[in-house]
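Numbering (the numbering used here), first residue to last: 724 to 839.
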């Protein structure tokens, strides 16, 4: 995982960031309940499934996808959970193991389609 405590500017291009956000928003919008979650790996897997030539290795996208997810946590649009407990943005550097993502308090269905 990239260093989430780094103060260096993100190396994710704006177009990639928008693609990850668009995919994240789409996946979250399909959930039936506000408590339902997705695995962050569903974002690059969806990109791979839609265009295997452009995204042959979804695992290689996990660090930038996590960065985008944590940016959305900071904005309150999503929450990260681990073992059912909500994890704070400030905890991101200490988290080890699987996490899940769900809609946060600032979630708005208007986010879907924002970057398409």
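Just so you know, even glycine gets a beta-carbon here, dropped at the ideal spot from N, CA and C.
From the listed residues 772, 747 and 753, the smallest Cα separation to residue 763 is found for 747.
The beta carbons of residue 830 and residue 788 sit about 18 Å from each other, so the pair does not count as a contact at 8 Å. Under DSSP, residue 809 forms a beta bridge with 804. Taking 4 residues as the minimum length, the alpha helix (DSSP H) runs contained wholly in the region 726-763 are 737-752, in order along the chain. Between residue 805 and the set 735, 821, 756 and 781, the nearest pair of CA atoms involves 821.
Around the C-beta of residue 775, fewer than 16 other C-beta atoms lie within 10 Å, and the residue is accordingly described as exposed.
For the pair residue 755 and residue 770, the Cα-to-Cα distance works out to about 22 Å. Taking the C-beta atoms as reference points, residue 827 is found nearer than 9 Å to residue 799.
In this structure, the straight-line span from the alpha carbon of residue 796 to that of residue 803 is close to 7 Å.
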